[in-house]
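Notes follow the structure.
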Amino acid sequence: MPPVFALVDCNNFYASCEGVFNPILEGKPIVVLSNNDGCVVARSNEAKALGVRMGVPEFQIRPLLRAHHVQVFSSNYTLYGDMSQRVMETLEQFCPDLEVYSIDEAFLSLVGFAQCDLTEYGRQIRRTVKQWTGIPVSVGIAETKTLAKLANRMAKQTSDTDRVFDMLAYQDREALLNGVAVGEVWEIGPSYARLLTQHGITTALQLREADESWIQRHMGVVGLRVVAELNGHSCLDLEACPAPKQGITCSRAFGRSVSTLAEMEEAVSCYVSRAAEKLRGEGLAATVLTVFIMTNAFTDEPQYRNSVTCELPVGTVSTSELIRAGLKGLRRIYRDGYRYKKAGVMCTALVPADQVQPDLFDRQDHPKSKRLMAALDAINDRWGAGTLDYASNGLTKAWQTQSHHRSPAYTTDWDELPVANA
DNA sequence: TCTGGGGTCCTAGGACCC
DNA sequence: TCTGGGGTCCTAGGACCC
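Count along the first sequence from 1, add 12, and you get the number used in our numbering.
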């Protein structure tokens with residue numbers, strides 16, 4: 013049976029999450045900012061209508077935000093992650109073959125539903141998700157993932173009450189693709205869009221018809237795949253089980269610049285702790301740790317950036333071992349006399365935590381360390397992040413990321429439950 | 001007068017995604 | 001003053017081997 017994909021995408025996801033528990037925001041312009049309250053990462057329709065662009069730094073549009081009383085939120089990933097899970101669980105009720113593609117998108121394989129009215133099924137999905145979670149979604153349906161992505165874009169252009177588009181049921185495919193700029197196609201980013209436009213390929217239809225050897229030469233196999241998918245040949249399968257992660261990163265810009273090794277050590281120690289928590293959450297152990305630091309590239313100040321990679325003798329999930337390695341690396345690359353803006357750590361060469369290759373000369377008491385980490389995670393999970401912390405993470409954390417507009421953890425903290433007023 | 005060829009592995013950088 | 005974070009995949013080129 014030929015494949016059929018539906019792409020379900022939450023509309024303005026972060027902004028919608030903020031709206032769910034704060035109904036007075038209905039109909040108002042909302043923006044959500046990235047970490048450090050830096051850039052706009054989500055906008056409600058009303059904010060889009062005001063011309064607020066995606067990714068724009070907040071300080072550049074501050075007057076506009078004020079003038080139109082735009083509601084501004086710091087990002088609240090605890091809330092968004094939980095809402096995402098609710099949406100995905102709802103979608104599972106409609107279709108067991110589901111790929112969670114990102115925090116706000118999922119592909120569904122509708123192969124077995126061919127005899128249904130797929131448009132109507134899409135509407136049912138949309139209604140149910142809205143009713144159960146409060147999140148509005150759009151549904152795009154087509155025979156490849158790339159076309160389902162485009163169908164989803166078209167769904168977003170339909171009326172507010174519909175937001176479902178089934179490309180399979182649409183007669184004039186050529187006209188449809190002719191109306192799509194080449195840069196709107198999945199996997200065609202700014203660089204490829206420029207290249208294609210220079211060669212006279214400006215629409216999805218022209219890309220579909222493009223000369224394959226030219227595409228192969230300039231865009232490699234990725235380009236060929238896009239062309240095939242636009243032609244209705246499915247190259248990208250539904251991936252129901254996510255592949256194990258290849259790396260785990262924790263990096264963040266500082267709330268203000270850091271100019272002492274002591275503060276940088278605190279920051280790196282904190283980031284390592286967070287990365288180690290994520291490792292344990294995924295059941296993975298790291299055998300390589302990379303630390304990087306950098307100054308603020310947006311200023312004229314003297315610039316410095318460097319990184320160091322440490323191979324760990326044995327794959328580990330132990331926060332203290334990783335902190336030790338991270339700080340040792342940091343001291344190798346840290347240079348006095350700079351104003352640092354950002355640091356980060358990456359754990360790579362990951363292996364399943366229960367299949368760590370032992371080392372003959374390893375003196376660590378691993379069972380003990382494992383119990384310690386389990387206790388640490390359990391306590392922080394029960395009583396809140398940071399309840400138990402390493403001394404090297406520092407007490408004041410004066411360099412920490414800013415978030416001045418954070419909404420409550422409505423769904424994951426008893427103390428922050430929303431209150432319904434009669 | 002004249003510098004092999006073919007294979008693998010690794011890494012850095014570039015492209016993309018949300 | 002203020003400019004995000006976390007990922008993936010592909011490719012070219014160098015190192016190395018026989």
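We put the CB at the ideal spot given by N, CA and C, even for glycine.
Check	Outcome
Leaving out the 5 sequence neighbours to the left and right, which residues in its chain are closer than 7 Å to Tyr133 when beta-carbon positions are compared?	Phe125
In three-state DSSP terms, what is Ile305?	strand
Under the DSSP definition of a beta bridge, which residues are partnered with Ile260?	Cys359
Going by other Cβ atoms of all chains shown within 10 Å of its Cβ, with 16 needed for buried, is Val99 buried or exposed?	buried
Could you check what DSSP says for Asp94 in three-state terms: helix, strand or coil?	helix
Would you identify the three-state DSSP class for Asn318, choosing helix, strand or coil?	strand
Expressed to the nearest angstrom, what Euclidean distance is found between the alpha-carbon atoms of Tyr316 and Leu342?	14 Å
Go to Asp21, then tell me how far its beta strand (DSSP E) extends in each direction, as first and last residue.	17-22
The alpha helix (DSSP H) with Leu236 in it runs from where to where?	224-242
List the whole-angstrom C-beta distance separating Thr307 from Glu313, where the pair is believed to meet the contact cut-off of C-beta under 8 Å.	6 Å
What does DSSP give as the partner residues of Lys354 in its beta bridges?	Ala265, Met306
Output yes or no for whether 7 Å exceeds the beta carbon distance between Ala298 and Cys359.	yes
Straight-line CA distance for His245 to Glu186?	16 Å
Which residue spans inside the segment 63-109 form an unbroken alpha helix (DSSP H) run of at least 4?	74-79, 89-106
Where does the unbroken alpha helix (DSSP H) through Glu58 begin, and where does it stop?	57-61
Excluding the 5 residues flanking Trp226 on each side, which residues of the same chain have their C-beta closer than 7 Å to its C-beta?	none
Which term fits Arg268, buried or exposed, when burial requires 16 or more other beta carbons within 10 angstroms of its beta carbon?	exposed
In whole angstroms, give me the CA-to-CA distance for Val300 and Gln258.	11 Å
Per DSSP, Glu111 is paired with what?	Phe119
With a 10 Å radius around its C-beta and 16 neighbouring C-beta atoms as the bar for buried, classify Pro75 as buried or exposed.	exposed
Just to confirm my understanding: we take Glu428, look at its own chain, exclude 5 residues before and 5 after, and list those with CB closer than 7 Å. What are they?	Pro420, Ala421, Tyr422
DSSP has Ile42 in a bridge; who is on the other side?	Gln83
Helix, strand or coil: how does DSSP classify Ile153 here?	strand
According to the neighbour-count rule (16 or more other Cβ atoms, all chains shown, within 10 Å of its Cβ), is Thr156 buried or exposed?	buried
Unbroken beta strand (DSSP E) runs of length 3 or more, entirely within the segment 153-192: which are they?	176-178
Can His417 and Val84 be called in contact, C-beta distance under 7 Å?	yes
Taking DSSP as the reference, what is the three-state secondary structure of Ala298?	strand
Near Ala61, what residues of its chain come up, given a Cβ to Cβ distance below 7 Å and the 5 sequence neighbours on each side ignored?	none
On the DSSP bridge list, what partners appear for Val52?	Leu45
If I measure Cβ to Cβ from Ala205 and keep anything under 7 Å in the same chain, skipping five residues before and after, which residues do I get?	Val194, Gly195
Taking Val284 as the reference, give the member of Val234, Leu339, Ala18, Asn433 with the closest Cα.	Leu339
Near Phe17, what residues of its chain come up, given a Cβ to Cβ distance below 6 Å and the 5 sequence neighbours on each side ignored?	Phe119, Lys157, Ala160
Among Ala54, Arg237, Gln127, whose alpha-carbon lies nearest the alpha-carbon of Ser28?	Ala54
Give the DSSP-derived three-state secondary structure of Thr408 in the structure shown.	coil
How long is the line joining the alpha carbons of Asn48 and Leu388, rounded to whole angstroms?	27 Å
Quick check on Pro41: buried or exposed, where buried means 16 or more other Cβ atoms within 10 Å of its Cβ?	buried
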